[in-house]
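Single-structure report; data block below.
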Ligand code: HEM
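Dropping the structure here:
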């Protein structure tokens, strides 16, 4: 690795430990797969099975499919891309719904109408309009990934700008999402009603809302992530009403994703009708 000697020793140790523990998990799943014992109800089993199939179909050519190093990287990517992003979306949602109790009440009302006290169902999740508007507005104001990096692979002209081959660019999601020319003078305010008629209407068909990136490398799990967030939020709303603790300090900061620098102390109150 270039510049390896500049990486702090502790980071190298953590990287080595993560690789070793992933290698251990992968080897176990691989053995189970070969012994016909794999459950195939998890992403790693599915990934390994499809990889084996591809290698077999190509006459056991070792140059096709993914090698162990690549499977490890894929596991790390899914863990990082999937864990922190969704949890930080929920954190900002709790913060904003605490600051805007009217929206919290509207969301709870909707969840109660759709699910009552029952566990959320797939069909019900697709009926949640207010909750979806809220999540979109949170993703607009606090997109967990602040931008999308791209590398230009051939000279290209976009409007008045020329990008030479090889140049690396960073498209700032957060700047576009907060741009008052695109979103109006209230761009920095929490107004889920912007999304009352969907994303296309809210953006006027422009590419001004892209919390999941865009193009061929758009987040592979965007629908899954929204479903996950809707399930979690619905269950929280069913059980609790919440408000911010007076100790909360609003200080969004960048630690890979946008996070509240001093945490999100939230006071929960049990909702009366919940058993
Ligand atoms: C609120 C939650 C999430 C947000 C905001 C988010 C956002 C993003 C963004 C901005 C990208 C880069 C897209 C681009 O370059 O155009 C991305 C890529 C990716 N995300 Fe997500 N993500 C979320 C949840 C998840 C979850 C739950 C998973 C997995 C279970 C996941 C897996 C991935 C993967 C594998 C990629 C790389 C796709 C590729 O390069 O082809 N993400 N995500």
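Residue numbers (our numbering): 6 to 280.
Cβ atoms here follow ideal geometry from the backbone N, Cα and C, with glycine treated the same way.
Since this is a predicted model, take the numbers as computed values, not measurements.
Remark: the shortest separation between the CB of residue 219 and any heavy atom of the ligand HEM falls under 7 Å. In this structure, DSSP gives residue 266 a state outside helix and strand, which the three-state scheme calls coil.
With a contact defined as Cβ atoms closer than 8 Å, residue 70 and residue 59 qualify at about 5 Å. The alpha-carbon separation between residue 233 and residue 101 amounts to approximately 18 Å. With 16 or more other CB atoms across the displayed protein chains lying within 10 angstroms of its CB, residue 90 is buried. In the same chain as residue 45, and ignoring 5 residues on each side of it, the C-beta atoms closer than 7 Å to its own belong to 51 and 54, in chain order. Excluding sequence positions up to five before and after residue 137, its CB lies within less than 8 Å of the CB of 200, 231 and 235, all in the same chain and listed in chain order. Taking C-beta separations shorter than 6 Å and ignoring five residues to either side along the sequence, the partners of residue 37 in its chain run 43, following chain order. Between the stretch 191-199 and the stretch 100-116, the count of C-beta pairs closer than 8 Å reaches three or more; the two stretches touch. About 12 Å separates the beta carbons of residue 162 and residue 170, which is beyond the 8 Å limit, so they are not a contact pair. The beta-carbon distance between residue 252 and residue 150, rounded to whole angstroms, is 28 Å. This is too long to meet the 8 Å contact definition. Using a Cβ-Cβ distance cut-off of 8 Å, the stretch 180-192 and the stretch 109-122 are not in contact, since fewer than three pairs of beta carbons, one from each stretch, lie closer than that value. Exposed is the label assigned to residue 10, since fewer than 16 other Cβ atoms lie within 10 Å of its Cβ. At a threshold of 7 Å, residue 60 does not count as near the ligand HEM, since its beta carbon sits no closer than that to any of the ligand's heavy atoms. Excluding its 5 nearest sequence neighbours in each direction, residue 216 has C-beta neighbours in its own chain below 6 Å: 144 and 148, listed in chain order. Counting the other Cβ atoms within 10 Å of the Cβ of residue 267 gives fewer than 16, which makes it exposed.
By the 16-neighbour rule on beta-carbons within 10 angstroms, residue 202 is exposed.
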